[in-house]
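Positions 1 to 400 (the working numbering) are the ones given, in order, by the sequence shown.
Report on the structure given below.
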Amino acid sequence: MKNILLGITGGIAAYKTPHLVRLFKKAGYEVRIIATKNALKLVSEHSLATVSGHPVRIDTFGNSGHGVDHIDIARWADVLVIAPATANIMAKASCGIADDMLSTVFLAVSCPVVMAPGMNDIMWQSSSVQANLAVLKSRGIMFIGPEPGELACNTSGMGRMSEPETIVQFVQNFPTRIEKLRGKRVLITAGATREYFDPARFWSNPSSGRMGNELARFAADSGAHVTICHGFMEVKPASLCEAIHAPDAASMYLEVSKRFRDFDVVVMAAAVSDWTFPNTAELKSKKDALPQELQLQMVRTKDILASISAENTDDGPIIIGFAAETASGNDLVTLARKKLERKGCDMIIANDITPGKSAFGNDNNHVIIVNSDGRPPSDFEGPKSTIVRDIWERICEYFD
Ligand code: CTP
């Protein structure tokens, strides 16, 4: 991938685009620019032409001297990056309006498209923008940002265009994305459930949610439509995903069991509590009212993974579970195989959670993967953010 077609629309962050062009060129890309008329009120055509080394395309019928420039430039592009992407271009792109060079080329490209929105936070949250975002994502358009921070309108909130460095890095990571994930519907559970004894006390586990979140981020960056159903997480749900909060085992069971059939892949990365309290006290239980040696009575929760696997049909999703075990090597493989059988799912990704080596809350992980179709186990080790690619490659073998 070497040809970047940069579409610039009329958001204030347009002033950052000469820097963006420079960074793309420094990273070895060829850059051509299409700017809307409003963009050129915020950044000069001359600066853009100078840094890119090519004339800026503005009018559909104006630039190249022949009539099909919008098709030629669409064919030339290996990726179309629209930065900043205003509410207006998102709206036009989502309903196919082609009334200027950029919106016309958007319809004519067959390459990946990345949008980096930048706008006021209330505009970003508006139902129209969010609806257009959902439509564009469902068609495989990739989004980077917006990010929280200071906005040009003297407020701060979610709406800042991602920094040029972040956009360049996102595009540089492209070749490592997995094409087969584009357009796939993916449900991932992540984090730890908390079973409340009373409003001040709960039973839980050390899961940070990082593994599930990284799996979600990678799939979303690859163009999948990702829902992340999460308990407590130390990290924010990945920004390109729809997030559903399911704080305890019972609510996670409800959320997952009612929607798992709507997905192509379900990955159960959440650490779900196996026990819960039969009743949660509404008021805090005062220490003096409880015995010195407290014995807690708990009841088993539903096994979500086993239950959705049992209900799954041949045309249903591929279902993947995790296994947290205090074992390594062959013992871990044996336990993973037993769990695979017990849960009835398609794949188990097993971690060793022995103290000192535990994946819980750690940035690194070592996983062993076993499949129900008898493939030999595979194992991957490294930062969670990179082994997710290996895991997705294994999962994507089901789409061959
Ligand atoms: N899981 C689930 N529902 C539960 C408990 C676990 O869906 N009530 C899922 C987890 O999300 C994970 C898999 O089952 O994908 C295995 O979880 P793990 O904690 O390793 O195993 P358990 O089923 O709890 O069994 P054990 O504690 O005996 O190892």
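Where a beta carbon is used, it is the ideal one built from N, C-alpha and C, also for glycine.
Predicted, not measured: the structure shown is a model, and the values here were computed from it.
Please classify residue i: does DSSP put it in a helix, a strand, or coil?
| i | result |
| --- | --- |
| Asn132 | helix |
| Phe243 | The question names Phe, but residue 243 is Ala in the sequence shown. Three-state result, Ala243: strand. |
| Ala152 | coil |
| Leu413 | No statement about residue 413 is possible, as the shown extent of the chain runs from 1 to 400 and does not include it. |
| Ile89 | helix |
| Ile122 | helix |
| Met298 | coil |
| Thr50 | helix |
| Arg194 | coil |
| Arg337 | helix |
| Met274 | What sits at residue 274 in the sequence shown is Asp, not Met. Correct three-state label for Asp274: coil. |
| Asn364 | strand |
| Ala13 | helix |
| Asp72 | helix |
| Ser378 | strand |
| Val265 | strand |
| Val105 | helix |
| Trp139 | In the sequence on display, residue 139 carries Arg and not Trp. In the structure shown, Arg139 sits in coil (DSSP, three-state: anything other than H, G, I, E or B). |
| Ile188 | strand |
| Ala281 | coil |
| Ala83 | strand |
| Asn330 | helix |
| Val370 | strand |
| Glu397 | helix |
Pop quiz: residue i and residue j are said to be a contact at Cβ under 8 Å. What is the actual Cβ separation, rounded to whole angstroms?
| i | j | result |
| --- | --- | --- |
| Ser222 | Ile178 | 5 Å |
| Ala306 | Arg342 | 7 Å |
| Pro317 | Phe263 | 5 Å |
| Thr17 | Ile8 | 5 Å |
| Ser103 | Lys92 | 5 Å |
| Met119 | Ala87 | 6 Å |
| Leu283 | Asp198 | 7 Å |
| Arg217 | Ala243 | No, Arg217 and Ala243 are not in contact; Cβ-Cβ is about 12 Å, not under 8 Å. |
| Asn371 | Asp346 | 7 Å |
| Ala323 | Ala336 | 5 Å |
Check for me: the beta strand (DSSP E) holding residue i runs from which residue to which?
| i | result |
| --- | --- |
| Ala98 | Here Ala98 belongs to no beta strand (DSSP E), and DSSP marks it neither H nor E. |
| Leu5 | 3–8 |
| Met115 | 113–117 |
| Ile318 | 318–325 |
| Val31 | 30–35 |
| Met161 | Premise fails: Met161 is in no beta strand (DSSP E) and is neither H nor E. |
| Asp352 | 347–352 |
| Arg201 | 201–203 |
Would you give the residue range spanned by the alpha helix (DSSP H) that residue i belongs to?
| i | result |
| --- | --- |
| Phe24 | 17–26 |
| Glu165 | 164–172 |
| Thr227 | Premise fails: Thr227 lies in the beta strand (DSSP E), 225–230, not in any alpha helix (DSSP H). |
| Ile304 | 304–311 |
| Met211 | 210–221 |
| Ser44 | No alpha helix (DSSP H) contains Ser44, which DSSP labels as neither H nor E. |
| Met252 | 249–259 |
Are residue i and residue j close, meaning C-beta to C-beta below 8 Å?
| i | j | result |
| --- | --- | --- |
| Ile387 | Asn365 | yes |
| Met161 | Pro148 | no |
| Gly231 | Pro247 | yes |
| Leu340 | Pro164 | no |
| Thr301 | Thr276 | yes |
| Met142 | Val186 | no |
| Gly10 | Lys41 | yes |
| Phe61 | Leu80 | no |
| Thr189 | Met268 | yes |
| Thr193 | Ser273 | yes |
| His225 | Lys137 | yes |
| Ala108 | His54 | no |
Would you kindly work out how many angstroms separate the C-alpha atoms of residue i and residue j, rounded to a whole number?
| i | j | result |
| --- | --- | --- |
| Cys229 | Ala350 | 20 Å |
| Leu257 | Ile82 | Residue 257 is actually Ser in this sequence, not Leu. Those two C-alpha atoms are separated by around 38 Å. |
| Ser44 | Thr36 | 11 Å |
| Asn173 | Phe202 | 40 Å |
| Ala152 | Ile122 | 13 Å |
| Asp100 | Val68 | 13 Å |
| Leu20 | Ala220 | 23 Å |
| Val56 | Val129 | 28 Å |
| Ile304 | Gly356 | 29 Å |
| Lys384 | Ile391 | 10 Å |
| Cys396 | Lys180 | 7 Å |
| Ile73 | Ile97 | 18 Å |
| Tyr196 | Pro278 | 10 Å |
| Leu368 | Val333 | Going by the sequence as given, residue 368 is Ile instead of Leu. If I take the Cα positions, the gap works out to 7 Å. |
| Ala39 | Met90 | 15 Å |
| Arg182 | Arg139 | 9 Å |
| Ser52 | Ile34 | 11 Å |
| Met252 | Arg259 | 11 Å |
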